[in-house]
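These notes are about the structure you will find just below.
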Amino acid sequence: MRVNKKIGYLAILILCFLLLQSVSLANSLVDSWALGMEKGIGFSNYQSITTEKTVVQLPQAQEKDLHNVFRRLVKNCKRNKELNFTITVVRDDDPNAFALPAGYVFINTGLLSMVKSDGELAGILGHEIAHIDRYHAMKALYRSVGYSMIFNLFLISHHNWGNTQEMSALAGASLRLSQLGYSRKAELEADRHGVEIMEKAGYNKRDILNFWERFQRQNGDSSKGLTFLSTHPAIRTRIEQIKKLP
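If you count the sequence shown from 1, position 37 lands on 40 in my numbering, and the numbers rise without skipping.
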């Protein structure tokens, strides 16, 4: 009788182990598919932006400095192993920087010309890297198209996620969402996480505060006429939050 009980317990343990392994395998499959989808969408968006806008080649010293700052930041973000982060400068007077899925970061010449130090640049780029690190673009896409649609696409295309009609539709939706901007909640989260990234990279949060305080003195707290601030929290709110960070 005792032998039978032991066999029964062992069978239950083996069954639990197999179930856990199955769940782990399923999660791994879904994660792999989701990452592939993100990379496909991000690359499609990148191609759209670089076709629409003029990519700028900076003077050699400035280009080297930009990439050095960017690499230091990427090294200290959470997704640096699974994504190939890139930084691209585009000709646009609008003071803007933005992030696309899968590690594509853009900064306009209009914003780059306002930066006074590597630390200020690190604060701006850290904010955009934080959007990618926290999956803000993909979360916004999931909310927009619905999780049921994403699940249906997984069932249809998880064996061959590539340049399909479904991917093109999602890429178009993702690009539209990126142009509309993230929610204020996401922007504040990116501010917090961006400061964490820049400080891990050896920069001081005082640098990004200097940028925003100077920006506020020159433009006030209103985002009127400033495209990249149209969906962002008030500058005052951002400054106050960053000051409170440890």
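Even glycine gets a Cβ: it sits at the ideal position worked out from N, Cα and C.
Taking the Cα positions, Y49 is about 16 Å away from D95. About 5 Å separates the beta carbons of I132 and C80, which is inside the 8 Å limit, making them a contact pair. N222 has its alpha-carbon roughly 43 Å from the corresponding atom of D34.
The DSSP-derived three-state label of F88 is coil. Taking F214 as the centre and dropping the five residues before and after it, the same chain places the C-beta of M117, V118, K119, E123, G126 and I127 closer than 8 Å to its C-beta, in chain order. No residue range can be given for N83, since it is assigned to no beta strand (DSSP E) and is classified by DSSP as neither H nor E. R195 and L248 have their C-alpha atoms spaced approximately 8 Å apart. Rounded to the nearest angstrom, the gap between the Cα atoms of Y206 and G129 is 10 Å. Each residue's CA atom was taken as its position, placing S177 and E243 some 31 Å apart. Between V72 and A64, the alpha-carbon positions lie close to 12 Å from each other.
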